[in-house]
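Q: Its first residue numbered 398, the sequence shown is counted upward by one per residue in the numbering used here.
There's a structure below that I have some questions on.
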Amino acid sequence: IGRVELGMIPQICDTVVFIKDAQIEEVYKLELVVKVPQGMTEEDLARPVIQISRFEDDAPQYEVYTYGEETVVVPVTDSEEETGAQRLAREKLQQQLGSRVDDPVIEFISDNHIRLMVSEDEISHVIGKGGENIDRLEDELGLDITVEPNTPTSKGEISFELSEKGNSVIIDVGEEKSGTEVDIYEGDEFLFKATVGKSGDISLTKKSELANRVIGANESGRLKVRA
């Protein structure tokens, strides 16, 4: 597959006959369509997809499409099962995390939203400075990722002030919290962990996705800081 342009495959071979023990077991037909692959829901993820269906009843069996830099063949599954795209996303995420994270727990909140649960001391490594690591993962996978601690936190809410200065979004919790580790939430959804600076604040790059989440959560009254 990798040697032929994806859109050319159905023109070269539009029918596949699967023979087992000298008997025709299955006949498939190939068709090029533009659609959102099964397991993805965002319309902007639509792409050319080779749909492989049973010849006799047109029931889709496989989808072939590009995912990142790879061309993948993904089985079409029943809706109640984890889809091929979800399995692929899980494998990709585990591959990207590599040895940096021990025993991550990955759950699908929806077809395009993952909950990633890791130990508290690994959260900052997963998210990265200003959210750069988690932004990169989301871009590569085409999914939203919520990072949460895998054990409940006993921290309580503290007061804060949010402001924008230059290219930064500032969460000010007061100088008395300098050096303290705090957790930032949007409602009950964990966003990230940070260490309060000497001036009593946490700084995010204004153009980052994480900063946009923080601003949106604050405007809706759902931003929480726990320490």
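Glycine included, every Cβ here is placed at the ideal spot set by N, Cα and C.
Going straight from the alpha carbon of Arg497 to that of Ile409, what length do you get?
A: When rounded, the distance between both Cα atoms is 44 Å.
Q: Could you check where the beta strand (DSSP E) with Ser600 kicks off and where it finishes?
A: Element bounds for Ser600: 598–602.
Q: Going by C-alpha distance, which of Val414, Lys604, Thr468, Thr474 is nearest Val626?
A: Residue 626 is absent from the model: the chain starts at 398 and stops at 624.
Q: Return the first residue and the last residue of the beta strand (DSSP E) that Gln365 is part of.
A: The structure shown has nothing for residue 365, since the chain only spans 398 to 624.
Q: Under a Cβ-count criterion, where at least 16 other Cβ atoms within 10 Å of its own Cβ denotes burial, should Ala443 be classed as buried or exposed?
A: Label assigned to Ala443: exposed.
Q: In whole angstroms, what is the alpha-carbon distance linking Ile524 and Val413?
A: So the two alpha carbons sit approximately 45 Å from each other.
Q: Pull up the distance between the alpha-carbon of Leu559 and that of Thr474, whole angstroms please.
A: Rounded to the nearest angstrom, the two C-alpha atoms are 45 Å apart.
Q: Mind listing, in chain order, the continuous beta strand (DSSP E) runs of no fewer than 3 residues lying wholly within the region 518–547?
A: As far as the region 518–547 is concerned, its whole beta strand (DSSP E) runs of at least 3 residues are 541–546.
Q: What does a CB cutoff of less than 7 Å around Asn530 pick up in its chain, not counting 5 residues either side in sequence?
A: Taken in chain order, the residues that qualify are Val523, Ile524.
Q: Are Leu403 and Pro445 closer than 8 Å when you measure CB to CB?
A: In contact: Leu403 and Pro445 (Cβ atoms closer than 8 Å).
Q: What residue from Pro434, Val544, Asp536 has the CA that sits closest to Ile511's CA?
A: Answer by Cα proximity: Val544.
Q: Asn509: buried (16+ other C-beta within 10 angstroms of its C-beta) or exposed?
A: With 16 or more other Cβ atoms within 10 Å, it is buried.
Q: Would you say Glu517 and Pro546 are within 8 Å of each other, going by their C-beta atoms?
A: Yes, the pair counts as a contact, with Cβ atoms nearer than the cut-off.
Q: Are there 16 or more other CB atoms within 10 angstroms of the CB of Met437, so buried, or fewer, so exposed?
A: Label assigned to Met437: buried.
Q: Leaving out five residues on either side along the sequence, give the residues of the same chain with a beta carbon under 8 Å from the beta carbon of Gly553.
A: The residues are Arg623, Ala624.
Q: In the DSSP assignment, the beta strand (DSSP E) including Lys562 goes from what residue to what residue?
A: Here the beta strand (DSSP E) through Lys562 covers 558–562.
Q: With three or more beta-carbon pairs closer than 8 Å as the criterion, would you say the region 531–540 touches the region 597–614?
A: Touching, per the Cβ criterion.
Q: Which residue marks the beginning of the beta strand (DSSP E) containing Val611, and which one marks its end?
A: Element bounds for Val611: not the beta strand (DSSP E) but the alpha helix (DSSP H), 606–616.
Q: Could you give the first and the last residue of the continuous alpha helix (DSSP H) run that contains Arg512?
A: Not the alpha helix (DSSP H): Arg512 falls in the beta strand (DSSP E), residues 510–515.
Q: Tell me whether Glu351 sits in a helix, a strand or coil according to DSSP, three-state version.
A: There is no way to answer for residue 351, as the model of the chain reaches only from 398 to 624.
Q: Tell me whether Gln483 sits in a helix, a strand or coil according to DSSP, three-state version.
A: Helix.
Q: Where does the unbroken beta strand (DSSP E) through Gln420 begin, and where does it stop?
A: Gln420 -> beta strand (DSSP E) spans 420–432.
Q: Below 7 Å CB to CB, which residues in the same chain sit around Gly584 once its five sequence neighbours on both sides are set aside?
A: Excluding residues within five positions, the ones whose Cβ falls inside 7 Å are Arg619.
Q: At which residues does the beta strand (DSSP E) containing Glu467 begin and terminate?
A: Taken as a continuous stretch (DSSP letters only), the beta strand (DSSP E) holding Glu467 covers 467–472.
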